[in-house]
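Take a look at the structure set out below.
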Amino acid sequence: LSVGSLFGLSPVLMWALFNSGATSLPVAFLLSLLVAALIGLANGWFVTALKIPSFLVTLGMLLVARGTALYITDGFPQRTWKADGEWIASVLVGDFTFGPLRLYRSLFWFVAFAVILHYVLTGTRVGNWIQAAGGNAGAAAARGVNVARTKIGLFMLSATLSAFAGAISSIRTSAANPNSGTGYELEVIAMVVIGGTSLLGGRGTIIGTVMGIFILRLMRNGIVMIGVPGLAYNIFIGAIILGMMSLHSWLERRSNSGGR
966 LSVGSLFGLS
976 PVLMWALFNS
986 GATSLPVAFL
996 LSLLVAALIG
1006 LANGWFVTAL
1016 KIPSFLVTLG
1026 MLLVARGTAL
1036 YITDGFPQRT
1046 WKADGEWIAS
1056 VLVGDFTFGP
1066 LRLYRSLFWF
1076 VAFAVILHYV
1086 LTGTRVGNWI
1096 QAAGGNAGAA
1106 AARGVNVART
1116 KIGLFMLSAT
1126 LSAFAGAISS
1136 IRTSAANPNS
1146 GTGYELEVIA
1156 MVVIGGTSLL
1166 GGRGTIIGTV
1176 MGIFILRLMR
1186 NGIVMIGVPG
1196 LAYNIFIGAI
1206 ILGMMSLHSW
1216 LERRSNSGGR
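According to this note's numbering, the stretch in the sequence shown is residues 966 to 1225, in order.
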């Protein structure tokens, strides 16, 4: 639940460090990712060491991260970004031109991370550990999987990638908005659920998640085109989450009863 807040906190930290003159943009960028990774580490520690439900931990961290971003900026977007001429800006948010076709570099990052994570999840031992830890932690531990370390690593990865996305968005728009990413946590849940990920753990694919992203975006554009007010979008997201969770619950019960 804290991914949206980390999306907003990362550019604020980067803005504060860079515009203070204390660091260059590349260093500020890396430090913002480091802070996000440490927040992910804290999330994982609370969940694995203190046995606090991840829902409550990430909900608390959502408030901490968002509150920090608002405090640093006094609640106002900062539009004093001066990234022109910084090589890392062109690396992160430049574009490719293939004849008449123009593609933003952010698409490259999306595809690259999707391919890498798909390979890790399906073709490596780490991927097997992730699936096992999410499906049945007790059985995974009995087979020698370090469940706590695996979960902490996933929390850190999720937080770091959220910060990376926020940083790219900030550099592209030349602004650091402490409210950016608000509500993204619900969209993320809807995307992965549409993509076939079980909220109970142990089942999910990167390809399915990518499909969920595209499906939800198409749905969002569709409801706008048919004249549904944009403010009703969250109603739509909530209905999707409830509907897909109900479907997954029914399928689980049907599977456990032998298809009857």
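Glycine included, each C-beta is placed from N, C-alpha and C at the ideal position.
- When secondary structure is reduced to three states using DSSP, T1062 falls in the strand class.
- With at least 16 other beta carbons inside 10 angstroms of its own, N1142 counts as buried.
- About 6 Å separates the CB atoms of V968 and Y1149; that is less than 8 Å, so the two are in contact.
- Its chain contains P1042, Q1043, R1044, W1046 as the residues whose beta carbon lies nearer than 7 Å to that of A1140, once the 5 sequence neighbours on both sides are disregarded; these appear in chain order.
- Taking C-beta separations shorter than 7 Å and ignoring five residues to either side along the sequence, the partners of A981 in its chain run I1037, following chain order.
- In terms of Cβ geometry, I1053 and F972 do not form a close pair [threshold 9 Å].
- Listed in chain order, the non-local C-beta contacts of A1034 below 6 Å within the same chain comprise G973, L974, V977, P1143, local neighbours out to five positions each way being set aside.
- For Y1069, the beta-bridge partners assigned by DSSP are D1060.
- Bounds of any alpha helix (DSSP H) do not take in Q1043, whose DSSP letter is neither H nor E.
- Between S1145 and S1135, the C-beta gap is smaller than 9 Å, which places the two residues in contact.
- Going by beta carbons, T1023 and A1113 fall outside the 9 Å limit.
- The segment 1094 to 1112 makes no contact with the segment 1197 to 1207: fewer than 3 CB pairs, one atom from each, lie closer than 8 Å.
- Assignment of A1141 by DSSP, reduced to helix, strand and coil, places it in the strand class.
- Under a 10 Å Cβ-count criterion, N1008 is classified as buried, with 16 or more other Cβ atoms of the shown protein chains found around its own Cβ.
- For V1000, the uninterrupted alpha helix (DSSP H) run begins and ends at 990 to 1013, by DSSP.
- Fewer than three pairs of CB atoms, one per stretch, sit closer than 8 Å, so the segment 1089 to 1098 makes no contact with the segment 985 to 994.
- A1077 carries a helical assignment under DSSP once its states are collapsed to helix, strand and coil.
- By the beta-carbon neighbour count (other beta carbons within 10 angstroms, threshold 16), F1120 is buried.
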